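A.B. asks: Residue numbers (the working numbering), protein chains in the order written: chain A, 1356 to 1624; chain B, 22 to 302.
Listed below in structure tokens is the structure:
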């Protein structure tokens, strides 16, 4: 059986790990709002400070957290280059045709890079410290108000939970089918990209077929356990604790601070 | 009172107007507290029997009664609370990634209060001997353990009848033994009526009564021993004896004088007796 570390949960016990998944999701959203509201150096520095504190509290190694940044390195360099070359401003250092390097351009790029890095680090911190299962629970709970407009919140949560449950099963199955095709001489490694993609069709077709068969059986098993009644209760309950209160206060302080800085210090370019 | 009763039940898969009977005029009763094994070759209709019993499939004729109430569209949920069905593939029955969340699923569906769901999880996991795996990830369990979780998921509804529809078919010998023992325990200790559908003849030996199905009909009925003594008849339905019975048969065909038995120790004694008899000559 394959190790099922879907996502990138980092299993340690920490302040952040023990926080309510709902608060963590809200915190992430609030944090993203804060980094885009911050339009000067002090605001972004405050955001970075809060995030550094969160990383320190999470006990996730800094190297692991920074690894997430590596994934967007190309995007960061590319957007930075474009912005530096095309941003116009008063303090021009270098100019050629439509390209120019300006003080404003450099600062703008620097802010953009900082924002992207903060964004990626904060969202990966969420997945490092929260299991997929409790993330699902958190999303379900946060979407509960949508029940008022008859949005099937529970069904959505169940779909997410079943999807998580079946990822390792289908991964195993893919391996099995792949090996079976290899044993009969299928070649997945050589040839151009088109040929390689084509080689995957004999894997995808049986995989899809088996997924449908599994869905059918799962449906029967769910029916057999009385699924589909009008009312339903929930065994798992999420609890807010003092940690979540602290997290919420910190977020509120951050957003207020950023807004105040925006008003009183203003844009720094 | 019969726990489960089929009266003249028909069931057909229709394809392009042609009706292919899967169950024909089936009459069948299970008494409360009984442990019944249902044997049959592939396509004999034994799995259809399980799916008809809790209304996953609707019959085309006849009547199905569960503790004297007739199964209809209206009481489907009540019937399903009483008749729990565990299926073949342990991977295709769990909805949640964590054991306790999955066991809770059925109890949540019937809208039990939280505290009661907790008690039911305790009860169900204990009954299948999986209490120390409460917070475990389902994907990391063995086949037998997964199937025990599936049984616990059904047990959380506190059914009075438990149908295991070839629940051992995909397991290794160790997993099969685990499931058979759990079924036996539920029958003896929790007084749950068990219908054990299988094509492993050894497992039928656990039952009070065995039923052989062929082409949608019940063709043999009796205690497992009675059924296995009718060896020739079993063969016509593409079924064989349990392993020990087969060895016994081969030995007597080979000229040894051993009496028919299905028990390994008795067979050993019989062989010893025969050898001693030979050397005495």
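Glycine included, each C-beta is placed from N, C-alpha and C at the ideal position. Values in this document were obtained by computation on a predicted structure and should not be read as measured data.
1. Return the chain-ordered list of same chain residues with a C-beta closer than 7 angstroms to the C-beta of residue 102/B, the five sequence neighbours on each side being excluded.
2. Step through the CB atoms of chain A and report whether any lies within less than 7 angstroms of the CB of residue 103/B.
3. Can you have a look at residue 1357/A and say buried or exposed, based on whether 16 or more other CB atoms are within 10 angstroms of its CB?
4. Could you check what DSSP says for residue 82/B in three-state terms: helix, strand or coil?
5. Which of the residues in the segment 1560-1579 of chain A, read from start to end, lie with their CB under 7 angstroms from any CB of chain B?
6. Which residues in chain B sit within 9 angstroms of residue 1516/A, going by Cβ to Cβ distance?
7. In the DSSP assignment, the beta strand (DSSP E) including residue 242/B goes from what residue to what residue?
8. Select from 277/B, 285/B, 287/B and 284/B the residue whose C-alpha is nearest the C-alpha of residue 296/B.
9. Less than 7 angstroms separating the beta-carbons of residue 1466/A and residue 1363/A?
10. Where are the beta strand (DSSP E) runs, 3 residues long or more, that stay fully inside the segment 131-198 of chain B, in chain order?
11. Do residue 188/B and residue 159/B have their CB atoms nearer than 7 angstroms?
12. With DSSP run on the structure shown, which of helix, strand or coil describes residue 1541/A?
13. I want to know whether the segment 1502-1517 of chain A touches the segment 1545-1560 of chain A - three or more CB-CB distances under 8 angstroms.
14. Closest to residue 77/B by CA distance: which of 1464/A, 1565/A, 1581/A and 1556/A is it?
15. Run through DSSP, which three-state label would residue 1515/A get?
16. Give a yes or no on whether 7 angstroms exceeds the smallest Cβ distance from residue 1587/A to chain B.
17. How close, in whole Å, do the beta carbons of residue 213/B and residue 106/B come, if the pair is a contact with beta carbons under 8 angstroms?
18. What three-state label does DSSP hand residue 1521/A in the structure shown?
19. Quick one: measure Cβ to Cβ for residue 89/B and residue 22/B, integer angstroms, because I've assumed they're closer than 8 angstroms.
20. Using a Cβ cut-off of 7 angstroms (strictly closer), state whether residue 196/B contacts chain A.
21. For residue 1506/A, count neighbouring Cβ atoms within 10 angstroms of its own Cβ and tell me buried if that reaches 16, exposed if not.
22. From 286/B, 283/B, 285/B and 279/B, pick the residue whose C-alpha is nearest to that of residue 299/B; which is it?
23. Shortest alpha-carbon distance to residue 168/B belongs to which of 137/B, 203/B and 139/B?
24. With 8 angstroms as the C-beta to C-beta threshold (strictly closer), list the residues of the segment 124-135 of chain B near chain A in chain order.
25. Verify the CB distance criterion: does residue 1359/A have a CB-CB separation below 7 angstroms to chain B?
26. Is residue 211/B helix, strand or coil by DSSP?
27. Taking DSSP as the reference, what is the three-state secondary structure of residue 277/B?
28. Does DSSP classify residue 1529/A as helix, strand or coil?
29. DSSP three-state label for residue 43/B, please.
30. In three-state terms, what does DSSP make of residue 119/B?
31. Are at least three pairs of beta-carbons, each pair with one atom in the segment 1492-1507 of chain A and one in the segment 1535-1553 of chain A, less than 8 angstroms apart?
32. Indicate whether at least one CB of chain A lies closer than 7 angstroms to the CB of residue 215/B.
33. Comparing the C-beta of residue 1584/A with each C-beta of chain B, is any distance below 7 angstroms?
34. Return the chain-ordered list of same chain residues with a C-beta closer than 6 angstroms to the C-beta of residue 272/B, the five sequence neighbours on each side being excluded.
35. Which value, in whole angstroms, describes the spacing of the CA atoms of residue 29/B and residue 1576/A?
36. Residues of the segment 1471-1497 of chain A in Cβ contact with chain B at a cutoff of 7 angstroms, in chain order, please.
C.D. replies: With the structure as the only source:
1. 131, 178 and 180
2. no
3. With a pLDDT of 39 at residue 1357/A, under the threshold of 50, the modelled position of this residue cannot be trusted; read the value that follows with caution. Residue 1357/A is exposed by the Cβ-count criterion.
4. strand
5. 1569, 1572, 1573, 1575, 1576, 1577, 1578 and 1579
6. 116, 117, 118 and 122
7. 238-243
8. 277/B
9. no
10. 182-186
11. no
12. coil
13. no
14. 1581/A
15. helix
16. yes
17. About 13 angstroms; that fails the 8 angstroms criterion.
18. helix
19. 6 angstroms
20. no
21. exposed
22. 279/B
23. 203/B
24. 125, 126, 127, 128, 129, 130, 131, 132, 133, 134 and 135
25. Because the pLDDT at residue 1359/A is just 44, under 50, the model does not fix this residue reliably, and the value given afterwards should be weighed accordingly. For residue 1359/A, the answer is yes, since a Cβ of chain B falls inside 7 angstroms of its Cβ.
26. coil
27. coil
28. helix
29. strand
30. strand
31. no
32. no
33. yes
34. 279
35. 26 angstroms
36. 1488
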